[in-house]
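Numbering-wise, the sequence shown is residues 78 to 157 according to my numbering. For each residue, glycine too, the CB sits at the ideal point set by N, CA and C. A quick note: this is a predicted structure, and the numbers were derived from the prediction, not measured. Here is the structure we will look at.
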Amino acid sequence: FDLRIVELIEAAAKGRGLGVRRMTSGAGHDAQMLARIAPAAMIFVPSAGGISHNPREHTDDAELVAGANILLDVAAQLAK
78 FDLRIVELIE AAAKGRGLGV RRMTSGAGHD AQMLARIAPA AMIFVPSAGG
128 ISHNPREHTD DAELVAGANI LLDVAAQLAK
């Protein structure tokens with residue numbers, strides 16, 4: 078993924094007082110395909126119990142809003 082975008086994501090999260098951890102995903106994502114033709118990165122938000130790609134997966138609304146706000150912050154920075 079694009080290092081500049083990754084760093085903008087980290088800065089946005091830290092600026093909102095959120096924890097940051099770089100991680101890779103073993104799952105295939107559209108962002109991996111998009112990264113072949115345009116700068117891209119991913120924002121992960123925590124799922125309850127760490128469960129993902131499973132019918133039991135659940136992410137609290139507050140975590141989803143936090144992730145959306147990070148996306149907004151990064152998009153605003155990229156638009157400058």
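**Prompt:** Can you list, in chain order, the residues of its chain whose CB lies under 6 angstroms from that of PRO116, leaving out five sequence neighbours each side?
**Reply:** If you number the sequence shown from 1, residue 116 lands on position 39. Once the five neighbours on either side are set aside, the close Cβ partners of PRO116 are ASP79 and ILE82.
**Message:** I need the DSSP call for ARG113, collapsed to helix, strand or coil.
**Reply:** Here residue 113 refers to the residue found at position 36 when the sequence shown is read from its first residue. The answer is coil: DSSP assigns ARG113 none of H, G, I, E or B.
**Message:** Within a Cβ cutoff of 6 angstroms, which residues of the same chain sit near ALA108, ignoring the five residues on either side of it in sequence?
**Reply:** As a working note, residue 108 is residue 31 in the sequence shown. These residues qualify, in order along the chain: ALA117 and MET119.
**Request:** Determine the direct distance from the alpha carbon of ILE86 to that of LEU148, and round the result to whole angstroms.
**Result:** Locating residue 148 in the sequence shown gives position 71, counting from the first residue. Locating residue 86 in the sequence shown gives position 9, counting from the first residue. Distance between the alpha carbons of LEU148 and ILE86 is about 8 angstroms.
**Asked** In angstroms, rounded to a whole number, what distance separates the CA positions of SER129 and ASP138?
**Response** Mapped onto the sequence shown, residue 129 falls at position 52. Mapped onto the sequence shown, residue 138 falls at position 61. C-alpha separation (whole angstroms): 16 angstroms.
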